[in-house]
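Undergrad: Okay, so the sequence shown: first residue is 399 according to this note's numbering, each after it adds one. Take this structure first; my questions come after.
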Amino acid sequence: MNDPVLLITGGSSGLGAATAAAAARAGYRLVLTARGVDRLAAFAAGLGGPERVLTLPCDVGDWSQISGVVAKTEETFGRLDAVFANAGSSVGTSFLGRSGEDPELWREMVVTNVCGPAYTARAALPALMRSRGHLVLTGSASGRGVRPGSLYSATKWAVTGLAQAIRAECVGTGVRVTIVQPGLVDTEAIPADRKDDPKLDPADVARAVLYALEQPSTVDVNEIVIRPVGQDAYK
Ligand SMILES: NC(=O)c1ccc[n+]([C@@H]2O[C@H](COP(=O)([O-])OP(=O)(O)OC[C@H]3O[C@@H](n4cnc5c(N)ncnc54)[C@H](OP(=O)(O)O)[C@@H]3O)[C@@H](O)[C@H]2O)c1
């Protein structure tokens, strides 16, 4: 079977799940990861049998787990064509201490959002060089503008820089690197104080990811910024 293989981190809900569904319809075989295996397995069951979809538990902040996922992908399917480094989390923060979570809870978000895509890239790029494949990272519109008091925004600025650093190192390898930077998307992750703001549907982001993936191998879509109509310019 020659169908391309796409690995998605954070593939059990939100943007990752919507992209998995769109990619399955487009003919990709999938490797989906998340920490919560029950929800992941339940979601994946609707996308195809084990010959089409592999689910693996993985915390992207743990190097041994994400590198093990890439090894298992090649062992199972014999190839890896594209990776959507999408897993992420958010906690509210304030540097003045006026709101937000205990600073003890900040570390996990930084590890997931910054080390996660960095480890994913490091684990997957040798395989992607062999396939002349494609790395897509989930950044955020908040990784382009200043959000008062937001460490989440700072982690997404890090993803903006990470995508550029990886693309620069990949020159000459044939690997394409895309960062997708969504505004507010209607998922479990959005903060309560933004529930009534204009929102994208996760499927809107999935179409953007598929657009990047389905370009000719000579075309590298570097960045996609996608925001809901009416979203405040500073959010
Ligand atoms: N929603 C928005 O408005 C928005 C806007 C811009 C960017 N984003 C970004 O989009 C990405 C997906 O977010 P979402 O809104 O779709 O959230 P979501 O619905 O909460 O989905 C997050 C996914 O990531 C997984 N995950 C979380 N922490 C993980 C970890 N440490 N290791 C492995 N998997 C982990 C979750 O599964 P488990 O919990 O089972 O591991 C889940 O599958 C994130 O990078 C987020 O920052 C979201």
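Positions of the beta carbon are idealized from the N, C-alpha and C atoms, including for glycine.
Assign V468 to one of three DSSP states: helix, strand, or coil.
TA: For the purposes of this step, residue 468 is taken as residue 70 along the sequence shown, with counting starting at 1. If DSSP states are grouped into helix, strand and coil, V468 belongs with the helices.
Undergrad: If contacts are defined as beta-carbon pairs under 8 Å, then T585 and S411 qualify, I think. What distance do you get, rounded to the angstrom?
TA: Counting from 1 along the sequence shown, the entry for residue 585 is found at position 187. Counting from 1 along the sequence shown, the entry for residue 411 is found at position 13. Indeed they touch by this definition, with Cβ atoms about 7 Å apart.
Undergrad: In whole angstroms, what separates the C-alpha of A590 from that of A552?
TA: Position 192 of the sequence shown, counting from 1, holds the residue named residue 590. Position 154 of the sequence shown, counting from 1, holds the residue named residue 552. Approximately 20 Å, taken between the alpha carbons.
Undergrad: Please confirm whether A522 and V557 have their CB atoms less than 8 Å apart.
TA: Taking the sequence shown and counting its residues from 1, the one referred to as residue 522 is at position 124. Taking the sequence shown and counting its residues from 1, the one referred to as residue 557 is at position 159. No, the pair does not count as a contact, with Cβ atoms beyond the cut-off.
Undergrad: What did DSSP end up calling E449 once you bin it into helix, strand or coil?
TA: Here the question's residue 449 lines up with position 51 in the sequence shown. Residue state, collapsed to three classes: coil.
Undergrad: Please determine whether the Cβ atom of A432 lies at a distance below 7 Å from any heavy atom of ligand 1.
TA: The sequence position of residue 432 within the sequence shown is 34, counting from 1. The answer is yes for A432.
Undergrad: Put L598 into one of helix, strand or coil per three-state DSSP.
TA: Along the sequence shown, one-based indexing puts residue 598 at 200. Strand, per DSSP.
Undergrad: So, are the CB atoms of N511 and G486 less than 8 Å apart?
TA: By one-based count along the sequence shown, residue 511 stands at place 113. By one-based count along the sequence shown, residue 486 stands at place 88. Yes.
Undergrad: Would the beta-carbon of I624 be found less than 7 Å away from any heavy atom of ligand 1?
TA: Taking the sequence shown and counting its residues from 1, one reaches residue 624 at position 226. No.
Undergrad: Considering only heavy atoms of ligand 1, does any lie closer than 7 Å to the CB of R437?
TA: Translated into the one-based positions of the sequence shown, residue 437 becomes position 39. It does: the Cβ of R437 is within 7 Å (strictly closer) of some heavy atom of ligand 1.
Undergrad: Between the region 597-607 and the region 415-422, are three or more C-beta pairs nearer than 8 Å?
TA: Yes, the region 597-607 is in contact with the region 415-422.
Undergrad: Give the secondary structure of I564 by DSSP, where H, G and I count as helix, E and B as strand, and everything else as coil.
TA: Against the sequence shown, residue 564 aligns to sequence position 166. Helix.
Undergrad: Taking the straight line between their C-alpha atoms, what separation do you get for G572 and D594?
TA: By one-based count along the sequence shown, residue 572 stands at place 174. By one-based count along the sequence shown, residue 594 stands at place 196. So the two alpha carbons sit approximately 43 Å from each other.
Undergrad: Does DSSP put P580 in a helix, a strand or coil?
TA: Residue 580 sits at position 182 when you count from the first residue of the sequence shown. Strand, per DSSP.
Undergrad: Is it the case that the Cβ atoms of G581 and P546 are separated by a distance below 8 Å?
TA: Within the sequence shown, numbered from 1, the residue matching residue 581 stands at position 183. Within the sequence shown, numbered from 1, the residue matching residue 546 stands at position 148. Cβ distance not < 8 Å, so G581 and P546 don't count as in contact.
Undergrad: Using the three-state DSSP reduction, which class does V431 fall into: helix, strand or coil?
TA: As a first step, residue 431 is located in the sequence shown; it is residue number 33 there, counting from the start. Before going further, note that residue 431 is Thr rather than Val in the sequence given. If DSSP states are grouped into helix, strand and coil, T431 belongs with the strands.
Undergrad: When you compare only the Cα positions, how much space is there between F493 and E472?
TA: Reading the sequence shown from its first residue, position 95 is the one you call residue 493. Reading the sequence shown from its first residue, position 74 is the one you call residue 472. About 43 Å.
Undergrad: Smallest Cα separation from D479: which of V458, G490, R530?
TA: The sequence position of residue 479 within the sequence shown is 81, counting from 1. Nearest of V458, G490, R530 to D479, Cα basis: R530.
Undergrad: Quick one, which of G425, P402, A442, M399 has its alpha-carbon nearest G414's?
TA: Numbered from its first residue, the sequence shown carries residue 414 at position 16. Closest by alpha carbon: A442.
Undergrad: Taking all protein chains shown into account, do 16 or more other C-beta atoms lie within 10 angstroms of the C-beta of A539, making it buried, or fewer, making it exposed?
TA: Working through the sequence shown from its first residue, we reach residue 539 at position 141. Result: buried.
Undergrad: Let me know if L452 comes out buried or exposed under the rule of 16 or more other beta-carbons within 10 Å of its beta-carbon.
TA: In the sequence shown, the residue the question calls residue 452 occupies position 54. Burial call: buried.
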